[in-house]
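Below is one structure, written out as structure tokens; the observations come after it.
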Amino acid sequence: MRALIIDDARVMRRIVATTLRDLGFETAEAGDGRQALDLLEAGEEFDLACVDWNMPVMDGLEFVQAVRTRREWRDLTLMMVTTESEQGQIVRALAAGAHEYLIKPFTPDALMAKLDLLGLLATKELPR
1 MRALIIDDAR VMRRIVATTL RDLGFETAEA GDGRQALDLL EAGEEFDLAC VDWNMPVMDG
61 LEFVQAVRTR REWRDLTLMM VTTESEQGQI VRALAAGAHE YLIKPFTPDA LMAKLDLLGL
121 LATKELPR
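Read in order, the letters of the sequence shown correspond to residues 1 to 128 in the UniProt record's numbering.
In structure tokens, the structure reads:
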């Protein structure tokens, strides 16, 4: 499976990517929603996108909305991974088309649980 990590913080991209690679994902990264859309428009295919909310150029909510307007990206699973923890923000993201919502900071086990809920987790366990 392939995952796209979209976050303007390089350290956070590395944390998410490392966890996903440990679970058997191939990963790619983008520093904002526009960079991520550029990858999709170039024909890159992903099973999962982990999307931060607060980013320059194009934020995570705008990215989710843009993806949901395109039929060819309908199967892309979108998970918000963000510090935005207010109930209203969560509702907005899910209403826009995100499938799940993970609040930072999180543990690898919390990310694993969300992936399991989404049906994207292989039987492989995280290393201890």
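Cβ atoms here follow ideal geometry from the backbone N, Cα and C, with glycine treated the same way.
Are the CB atoms of alanine 30 and alanine 36 within a distance shorter than 8 Å?
Residue numbering aside, residue 36 sits at position 36 when the sequence shown is read from its first letter. Residue numbering aside, residue 30 sits at position 30 when the sequence shown is read from its first letter. Going by C-beta atoms, alanine 36 is nearer than 8 Å to alanine 30.
What number of angstroms, rounded off, separates the C-alpha of leucine 118 from the C-alpha of asparagine 54?
Position 118 of the sequence shown, counting from 1, holds the residue named residue 118. Position 54 of the sequence shown, counting from 1, holds the residue named residue 54. Separation of leucine 118 and asparagine 54 (C-alpha to C-alpha, rounded to the nearest whole angstrom) is 23 Å.
Proximity of leucine 76 and phenylalanine 46 at Cβ, strictly below 8 Å
In the sequence shown, counting from the first residue as 1, residue 76 sits at position 76. In the sequence shown, counting from the first residue as 1, residue 46 sits at position 46. Their beta carbons are under 8 Å apart, which means leucine 76 touches phenylalanine 46 by this criterion.
In its own chain, which residues sit with a C-beta less than 8 Å from the C-beta of glycine 33, not counting the 5 before and 5 after it?
Residue 33 sits at position 33 when you count from the first residue of the sequence shown. The answer, listed in chain order, is Ile6, Val51, Met55, Val57, Met58, Asp59, Gly60, Glu62, Phe63, Ala66.
Short of 6 Å in beta carbon distance, which residues of its chain neighbour alanine 98, apart from the five on each side in sequence? Order them along the chain.
The residue given as residue 98 occupies position 98 in the sequence shown. Taken in chain order, the residues that qualify are Val64, Leu78, Met80.
Just mark valine 16 as buried or exposed, buried being the case when its beta carbon has 16 or more other beta carbons within 10 Å.
As a position in the sequence shown, residue 16 is number 16, starting the count at 1. The residue in question, valine 16, is buried, as its Cβ has 16 or more Cβ neighbours within 10 Å.
Rounded to whole angstroms, how far is the Cβ of lysine 114 from the Cβ of threonine 82, which I believe are closer than 8 Å?
Position 114 of the sequence shown holds residue 114. Position 82 of the sequence shown holds residue 82. With 8 Å as the limit, lysine 114 and threonine 82 do not qualify as a contact, their Cβ atoms being about 13 Å apart.
Looking only at its chain, what residues have a beta carbon closer than 7 Å to the beta carbon of leucine 94, apart from the 5 residues adjacent to it on each side?
Position 94 of the sequence shown, counting from 1, holds the residue named residue 94. Taken in chain order, the residues that qualify are Tyr101.
What first and last residue would you give for the beta strand (DSSP E) that runs through methionine 80?
Start at 1 with the first residue of the sequence shown, and residue 80 comes out as number 80. It spans 77-82 - the beta strand (DSSP E) in which methionine 80 sits, taken as one unbroken run.
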